[in-house]
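One structure is given here, and the rest of the page talks about it.
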């Protein structure tokens with residue numbers, strides 16, 4: 001009995017995720033201020049995974065440019081961009097999703113990379129090999145990683 | 001981006017409250033207690049629109065320990081390569097039975113050369129880097145094989161020649177026939193390459209003094225080249241550094257010796273007009 005309930009739950013979950021194809025980078029809907037209202041995946045983000053994306057060099061490496069007091073164990077946080085403490089007060093979820101997906105829509109000309117955009121680069125490379133990219137680019141982060149990062153950022157409140 | 005190098009100083013700067021993250025230091029560089037190096041200078045006229053108020057050697061952005069290695073040639077690991085260069089200078093190679101010394105005698109005859117390269121070469125009808133001139137001599141005057149552009153023997157020879165101009169002001173010409181290459185280099189400097197869309201100016205003009213992960217960003221000046229880096233324990237060429245910086249933007253980079261990098265070298269060198277020739281320098 002218990003087992004079959006579990007199986008049932010699992011199959012419902014599987015069907016749910018099959019329905020939710022992530023929004024492709026070129027289909028993301030930004031409003032006039034650069035915000036993205038709709039989730040890119042339809043799945044809730046995981047703030048713990050988001051924190052990992054912020055910290056890891058091989059993922060978002062956001063701490064290369066930003067300091068985040070909530071991540072005291074992450075060494076060498078840079079200071080190119082503003083401190084992220086309190087961003088959950090300054091911006092709502094849609095605005096944060098917009099900034100992380102393509103910050104240039106919120107801040108024209110910003111130095112912050114566009115994490116969910118694949119077109120219009122000058123001499124795009126094959127990751128960090130220095131060689132030319134082969135075929136279409138993958139975005140810097142996946143749709144779910146963007147959602148995870150947003151889920152973490154909304155927790156960064158001053159109070 | 002490549003964030004591998006970590007310095008104790010960077011760690012300190014991030015943990016000590018009250019220590020500014022933003023500032024290069026005010027130390028003075030005197031090598032061997034005698035050669036005074038100009039490490040800060042007014043902006044060259046062509047940089048009036050640049051987002052900065054003076055030019056500075058990368059030396060100011062390094063830790064005291066790293067800085068000290070450059071203050072005495074006995075401590076400077078780059079000097080070993082100068083010795084190797086001197087040996088090459090005196091070695092006969094090629095079909096004509098010449099060494100560099102056959103035509104130029106002592107390396108001190110190269111005083112002033114580093115300070116004005118890259119420069120327009122009338123005969124070749126192009127802007128030449130020091131490396132290109134070295135290879136011209138090898139081929140035309142020695143009948144020897146050219147060195148590979150970014151190779152060990154090339155950087156040794158560059159180090160030897162650079163040393164002869166140490167302390168002299170960088171003074172590359174950007175007008176006349178060099179103007180086209182210079183303009184092309186300038187355009188490259190402000191182009192946001194790669195999937196991270198970062199230009200040289202993003203890091204080295206708008207953010208020098210700031211930390212990008214563990215790295216304290218300098219102005220990306222090349223007056224100190226060739227540069228001994230503690231990180232890879234060898235002398236590094238200008239084009240090798242350009243290649244790495246562009247690669248770190250997730251871009252398809254350019255090759256050492258390419259027309260593009262020659263143009264970029266001329267432009268970046270001109271951003272240091274007025275700083276002293278400092279190579280071989282020490283960086284992390």
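Chains as they are written, first to last, in the UniProt record's numbering: chain A, 1 to 159; chain B, 1 to 284. Here a beta-carbon is modelled for each residue, glycine too, at the ideal position from N, C-alpha and C. Fair warning: this is a prediction, and the values are worked out from it, not measured in the lab.
{"Asked": "Residue 30 of chain B versus residue 158 of chain B - alpha carbon distance", "Found": "22 Å"}
{"Asked": "Counted within 10 angstroms of its Cβ, other Cβ atoms place residue 136 of chain A as buried (16 or more) or exposed", "Found": "exposed"}
{"Asked": "Cβ contact check for the segment 120–140 of chain A and the segment 201–211 of chain B: 3 or more pairs under 8 Å", "Found": "no"}
{"Asked": "Other residues of its chain near residue 165 of chain B: CB distance less than 8 Å, five sequence neighbours each side excluded", "Found": "110, 111, 112, 113, 114, 115, 277"}
{"Asked": "As assigned by DSSP and simplified to three states, the class of residue 119 of chain B", "Found": "strand"}
{"Asked": "Proximity winner among A/30, A/23, A/25, relative to residue 94 of chain A (alpha-carbon distances)", "Found": "A/30"}
{"Asked": "Min CB distance residue 65 of chain A to chain B below 8 Å", "Found": "yes"}
{"Asked": "Stretch pair the segment 56–73 of chain B + the segment 29–45 of chain B: three plus CB contacts closer than 8 Å", "Found": "yes"}
{"Asked": "Min CB distance residue 231 of chain B to chain A below 8 Å", "Found": "no"}
{"Asked": "As assigned by DSSP and simplified to three states, the class of residue 93 of chain B", "Found": "strand"}
{"Asked": "Contacting positions in the segment 183–194 of chain B - beta carbon closer than 8 Å to chain A", "Found": "191, 192, 193, 194"}
{"Asked": "Nearest-angstrom Cα separation, counted from residue 62 of chain A out to residue 79 of chain A", "Found": "10 Å"}
{"Asked": "CB contact flag (residue 55 of chain B, residue 266 of chain B, <8 Å)", "Found": "no"}
{"Asked": "DSSP state of residue 102 of chain A mapped onto helix, strand, coil", "Found": "helix"}
{"Asked": "Residue 287 of chain B vs residue 162 of chain B beta-carbon contact at 8 Å", "Found": "Residue 287 of chain B cannot be examined here, being either before or after the span of chain B that is shown, 1 to 284."}
{"Asked": "Segment limits, beta strand (DSSP E) that includes residue 281 of chain B", "Found": "281–283"}
{"Asked": "Contact list for residue 134 of chain B against chain A, beta-carbon separation under 7 Å", "Found": "Those do not exist, as residue 134 of chain B stays about 25 Å from chain A at its closest Cβ, beyond 7 Å."}
{"Asked": "Local conformation of residue 240 of chain B per DSSP, three classes", "Found": "helix"}
{"Asked": "is_contact[residue 207 of chain B, chain A] using C-beta, thresh 8 Å", "Found": "yes"}
{"Asked": "Classification of residue 281 of chain B by the beta-carbon crowding that lies within 10 angstroms, buried from 16 upward", "Found": "buried"}
{"Asked": "For residue 25 of chain A, three-class secondary structure by DSSP", "Found": "helix"}
{"Asked": "Beta carbon of residue 264 of chain B nearer than 8 Å to that of residue 189 of chain B", "Found": "yes"}
{"Asked": "Amino acids of chain B, ordered along the chain, whose beta-carbon sits closer than 8 Å to that of residue 30 of chain A", "Found": "The contacting residues do not exist; residue 30 of chain A stays about 17 Å from chain B at best."}
{"Asked": "Collapsed DSSP secondary structure at residue 125 of chain A in the structure displayed", "Found": "strand"}
{"Asked": "Neighbourhood of residue 79 of chain B by C-beta distance below 6 Å, restricted to the same chain and skipping five residues each side", "Found": "73"}
{"Asked": "C-beta neighbour in chain A for residue 21 of chain B, strict 8 Å", "Found": "Its pLDDT being 49, under 50, residue 21 of chain B is placed unreliably by the model, and the measurement read from it follows with that caveat. At least one chain A Cβ lies under 8 Å of residue 21 of chain B."}
{"Asked": "7 Å Cβ cut-off: residues of chain B touching residue 132 of chain A", "Found": "252"}
{"Asked": "Span separating the alpha-carbon of residue 24 of chain A from that of residue 261 of chain B", "Found": "36 Å"}
{"Asked": "Candidates B/58, B/194, B/97, B/229: closest to residue 130 of chain A by CA position", "Found": "B/194"}
{"Asked": "Contact under 8 Å by Cβ, residue 149 of chain A with residue 54 of chain A", "Found": "yes"}
{"Asked": "Option in B/48, B/27, B/39 with minimal Cα separation from residue 65 of chain B", "Found": "B/27"}
{"Asked": "Reference residue 60 of chain B; option with closest CA among B/126, B/101, B/210, B/186", "Found": "B/210"}
{"Asked": "Residues in the segment 39–51 of chain B having any Cβ partner in chain A nearer than 7 Å", "Found": "none"}
{"Asked": "Given 8 Å, three or more beta-carbon pairs between the segment 238–246 of chain B and the segment 135–148 of chain B", "Found": "no"}
{"Asked": "Three-state class that DSSP yields for residue 272 of chain B in the structure shown", "Found": "coil"}
{"Asked": "Partner residues on chain B for residue 121 of chain A, Cβ-Cβ distance less than 7 Å", "Found": "194, 195, 197"}
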